[in-house]
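Here the working numbering is used: the first residue of the sequence shown is 79, the next is one more, and so on.
Backbone N, C-alpha and C define an ideal beta-carbon position, used for all residues, glycine too.
Quantities reported herein were computed from a predicted structural model and do not represent experimental measurements.
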Amino acid sequence: MSGFEDVYLEDSFVLGVTATPGRLCLDVDLVLTAHHPAYRPPAPGEQNCYIRARIEFPHVRSLTWTDQGTPPAVDASGEADYGGIDALFWDGSAFHLEGDWGSIDVASGPPGIIQF
Numbered sequence: 079m080s081g082f083e084d085v086y087l088e089d090s091f092v093l094g095v096t097a098t099p100g101r102l103c104l105d106v107d108l109v110l111t112a113h114h115p116a117y118r119p120p121a122p123g124e125q126n127c128y129i130r131a132r133i134e135f136p137h138v139r140s141l142t143w144t145d146q147g148t149p150p151a152v153d154a155s156g157e158a159d160y161g162g163i164d165a166l167f168w169d170g171s172a173f174h175l176e177g178d179w180g181s182i183d184v185a186s187g188p189p190g191i192i193q194f
């Protein structure tokens, strides 16, 4: 998927999911691969290079979110952690996302990554 070539979603951490009229946002600690232009060696004690980012789905026309409601884990810094992104793909009519936070089918414009 365009824009996601140099990130690794499975080891990224979802910090929050927000659905508002016309937009779906996932705030994440995103894992960058060594090919990403913002890559740097992992911080001490970390396995990966993480950046704080938002995955944004614009121009949402329809959204279905099932299996939501699983409470987040709380990490050592006290921040909520909803787990990773186990799947993100286009099925021909909508984007499909899965993780511990549920399953989302969203008909929208192509998602983008915004770094904080």
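Does residue i come out as helix, strand or coil in the three-state DSSP assignment?
i      : result
Val184 : strand
Ile130 : It should be noted that the sequence gives Arg, not Ile, for residue 130. The answer is strand: DSSP assigns Arg130 an E or B state.
Phe194 : coil
Trp168 : strand
Phe82  : coil
Val120 : For the record, residue 120 in the displayed sequence is Pro; it is not Val. Here Pro120 sits in coil by DSSP.
Nearest to residue i by CA position, among the options, is which residue?
i      : options                        : result
Gly187 : Tyr128, Ala131, Leu102, Ile129 : Leu102
Ile182 : Asp169, Ile192, Val85          : Asp169
Pro99  : Val184, Phe194, Ile192         : Val184
Ser171 : Gly190, Leu141, Tyr160, Ser90  : Leu141
From the DSSP output, which residues share a beta bridge with residue i?
i      : result
Val152 : Ala158
Phe91  : Asp107
His113 : Paired residues: none, contrary to the question.
Pro189 : BP columns for Pro189 are empty, so no partner.
#### Entry: the stretch 143-161 in contact with the stretch 116-128 per 3-pair CB rule at 8 Å
no
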